[in-house]
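One structure is given here, and the rest of the page talks about it.
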Amino acid sequence: MTQNANRNGEIKDTIKRFVTRSINIPDLGDDDDLFESGLVNSLFAVQLMTFLEKTFAIEVEADDLDIRNFRSLEAATNFVAKKNAAKAA
Amino acid sequence: MRRWLTEAQQARYAEFKRFVAENVEPFAEDWERSQQLPSELISRMSAAGFLGCSLSREYGGQGWDAVTFGLLNEAFGRASSSLTSVLTVQAMVAMALAKWGTREQKAQWLPRLAGGEVIASFALTEPGAGSALQSLTTTYAQGPRADSFLLNGSKQWITCAQVAGIFLVFGKLEQQPVACLVPRDSPGFTIEPIRELMGFRAAGLATLSFRDVEVPRTNMVGRPGFGFSHVAPVGLQFGRISTACSALGLLRGCFEESVAYAAERKIGASTVGELGMVRSLIAGMGTELQAATLLCLNACKSEDEHAAEAFENALAAKYFTSRAAVKAASDAVQIRGASGCHESSPTSRYYRCAKIMEIIEGTTQIHEQLLGKMFVGQIGVQRASGEQT
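Chains as they are written, first to last, in my numbering: chain A, 1 to 89; chain B, 1001 to 1389.
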């Protein structure tokens, strides 16, 4: 359990570094809606997807196209963890 | 450029240039005049593996990397912007489908796209909406059958639509952006050729009208709500790389034609190339050619690395190279003088086609808006965190 929590923390930090390098959101919270901030450009969604795919060696597939998977740091972290778990199973 | 390429990439580039010299260069002006491309040539390109070349071998593609795809477009762009547009739209649809299509859609269409059996077209722009995707008015609604949509609306300036067999058509389903595959022979779907363009005259542009066109739900690519944010950008990414590299080829054409002319054309006892003013134009052209080459390579390599910055690198390459091509084409005509204005010189065609490079796959102004927002946002982050640029 602790190991998973640590791993999820690392995933979230990695995603946060990418997001805050791309868009200027001071004090980004884990559950803040990235797409309602008004700061992201029209390519951010696909850039985030590409970042997740490359960094965590996962593939975002058509069935994964659900805004709930990408809306916030927390959501993206859970999505990556879910894909990793499916890969390991 | 050779120092940046692998041996395999260099060999393919040489192969592309040979194909173009033999099959494209001598005929490009005739195609512009007749406003159509010979279908036999498209077949020859297919046989050579050029169409759908970025698709994996699993689907009958070549599995070539983006750098090789860029070199292909550069080589073709040197001779014919119209013909290169076939490579552009085929890749846009094929790669969007390869990423987001269902297993059945991929099995049905990708081998046919890779083999050139079917030409594809990317139907996004509308009479009332270009870059502002949210303003699209084409709609998908519940069809007469539970498993179908009814498609209504129109599209304009759609490249290769005159010859395409399958269209990736973007619209809205209950206000949610979607994209569906629509076969050419669908009842209610009409195609009106657009002729007399200033350039790209053989690129087969058309206006599309959809009147109660029934589309099976299984033709939807991706999921509702993601047509603009995920499906279109994958296609547009290859469209921008293709257009940037095609413009790079045109830019190289301007440079090579200008240098050759400047060395040969005499004014009194001197050549044109000995004139300081002409040297100045050629210096600018040659330097921009080098800069554009590196930007295009950077865009292609970052796409190969599947890097998140690949999207902004493609934007930067397309933005810079299309503008440089316009300037180079203008200067190439200027250097040749009156003969540069005549169809016997490729520079007049370069001049007409270059301007269109600044408009297709997103205008220069849209690129400025996107790149400006990205750069300003990044600088803001760097300043906030004390990083150096």
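We put the CB at the ideal spot given by N, CA and C, even for glycine. For clarity, every value in this text was computed on a predicted model and none was experimentally measured.
Thinking just about the alpha-carbon of each residue, which of the options is nearest to the one in residue i?
| i | options | result |
| --- | --- | --- |
| B:T1363 | B:A1141, B:G1165, B:T1243 | B:T1243 |
| B:S1348 | B:K1327, B:Q1010, B:E1361 | B:K1327 |
| A:I11 | A:L52, A:I67, A:E61 | A:L52 |
| B:F1238 | B:S1054, B:T1287, B:V1259, B:V1221 | B:S1054 |
| B:S1209 | B:P1193, B:T1218, B:N1219 | B:P1193 |
| B:A1066 | B:R1217, B:P1346, B:A1079, B:F1050 | B:F1050 |
| B:G1199 | B:S1056, B:M1357, B:T1287, B:W1004 | B:M1357 |
| B:E1058 | B:L1295, B:T1068, B:M1092, B:R1112 | B:R1112 |
| B:I1042 | B:G1116, B:V1093, B:E1032 | B:G1116 |
| B:L1087 | B:M1277, B:D1331, B:G1235, B:G1372 | B:G1235 |
| B:S1135 | B:W1109, B:A1120, B:S1121, B:Q1176 | B:Q1176 |
| B:I1360 | B:A1079, B:E1032, B:I1158 | B:I1158 |
| B:Y1351 | B:G1227, B:W1004, B:S1080, B:Q1036 | B:S1080 |
| B:C1353 | B:W1004, B:E1029, B:T1006 | B:E1029 |
| B:A1164 | B:A1206, B:W1064, B:F1228 | B:A1206 |
| B:K1106 | B:V1089, B:V1333, B:S1056, B:T1084 | B:S1056 |
| B:E1214 | B:G1227, B:C1245, B:F1226, B:L1181 | B:L1181 |
| B:I1282 | B:M1374, B:V1333, B:F1311, B:T1293 | B:V1333 |
Please confirm whether residue i has its beta-carbon closer than 8 Å to some beta-carbon of chain B.
| i | result |
| --- | --- |
| A:I11 | no |
| A:F18 | yes |
| A:K83 | no |
Going along chain B in order, which residues have a C-beta closer than 9 Å to the C-beta of residue i?
| i | result |
| --- | --- |
| A:A76 | Per Cβ cutoff of 9 Å: no residues; A:A76 is ~13 Å from chain B at best. |
| A:K54 | E1305, H1306, A1307, A1308 |
Please compile the residues from chain A whose C-beta is within a distance smaller than 8 Å of the C-beta of residue i.
| i | result |
| --- | --- |
| B:K1373 | N41 |
| B:G1377 | S22, I23, N24, L39, N41 |
| B:F1311 | L43, V46, Q47, T50 |
| B:V1234 | V46 |
| B:T1102 | A62 |
| B:L1370 | N41, S42, L43 |
Using DSSP bridges, identify the partner residues of residue i.
| i | result |
| --- | --- |
| B:Y1140 | B:L1151, B:L1173 |
| B:P1038 | B:P1038 is not bridged to any residue. |
| B:S1209 | B:S1154, B:T1190 |
| B:M1220 | B:C1180 |
| B:K1266 | B:T1271 |
| B:I1166 | B:A1120, B:P1183 |
| B:V1215 | B:F1149 |
| B:A1129 | B:E1126 |
Checking contacts by CB at 8 Å: is residue i closer than that to chain A?
| i | result |
| --- | --- |
| B:A1307 | yes |
| B:S1113 | For clarity, residue 1113 of chain B is Leu in the given sequence; the question names Ser instead. Chain A, which has no Cβ nearer than 8 Å to the Cβ of B:L1113, makes this no. |
| B:T1389 | Unreliable placement is indicated for B:T1389, whose pLDDT of 46 sits below 50; the coordinate value is still reported in the next sentence. So no, B:T1389 is outside the interface. |
| B:F1226 | yes |
Taking C-beta pairs closer than 8 Å, name the residues in chain B that residue i reaches, listed in chain order.
| i | result |
| --- | --- |
| A:L73 | None at all; the shortest Cβ gap to chain B is about 16 Å. |
Along chain B, in chain order, which residues have C-beta atoms closer than 7 Å to that of residue i?
| i | result |
| --- | --- |
| A:L65 | G1222, R1223, F1226, H1230 |
At a cut-off of 7 Å, is residue i close to the ligand COA when judged by its beta-carbon and the heavy atoms of the ligand?
| i | result |
| --- | --- |
| B:A1292 | Only the bare structure without any ligand can be found here, which leaves the ligand COA out of the picture. |
Could you tell me whether any Cβ in chain D is nearer than 8 Å to the Cβ of residue i?
| i | result |
| --- | --- |
| B:A1247 | Looking at the structure shown, chain D is missing, and the protein chains on hand are A and B. |
(message) Taking 8 Å as the cut-off, does the stretch 1012-1026 of chain B touch the stretch 1181-1200 of chain B (at least 3 CB pairs, one atom from each stretch)?
(response) no
(message) Assess contact between the stretch 1116-1128 of chain B and the stretch 1153-1167 of chain B, defined as three or more Cβ pairs (one per stretch) separated by less than 8 Å. Is contact present?
(response) yes
(request) Kindly confirm or deny that the stretch 1246-1253 of chain B and the stretch 1072-1084 of chain B touch, where touching means at least three C-beta pairs closer than 8 Å. (result) Below 8 Å, enough C-beta pairs join the stretch 1246-1253 of chain B and the stretch 1072-1084 of chain B to call them touching: three or more.
(request) Examine the Cβ distances between the stretch 1254-1272 of chain B and the stretch 1359-1373 of chain B and report whether three or more of them are shorter than 8 Å. (result) no
(message) Is it the case that the stretch 1126-1146 of chain B contacts the stretch 1094-1104 of chain B, given that we only count it when at least three CB pairs across the two stretches are under 8 Å?
(response) no
(message) With three or more beta-carbon pairs closer than 8 Å as the criterion, would you say the stretch 42-58 of chain A touches the stretch 1317-1336 of chain B?
(response) No, because fewer than three Cβ pairs between the stretch 42-58 of chain A and the stretch 1317-1336 of chain B fall closer than 8 Å, the two stretches do not touch.
(message) Between the stretch 1001-1012 of chain B and the stretch 64-84 of chain A, can you find at least three pairs of beta-carbon atoms closer than 8 Å?
(response) no
(message) Taking contact to mean 3 or more Cβ pairs, one atom from each stretch, closer than 8 Å, check whether the stretch 1251-1262 of chain B and the stretch 1270-1290 of chain B are in contact.
(response) yes
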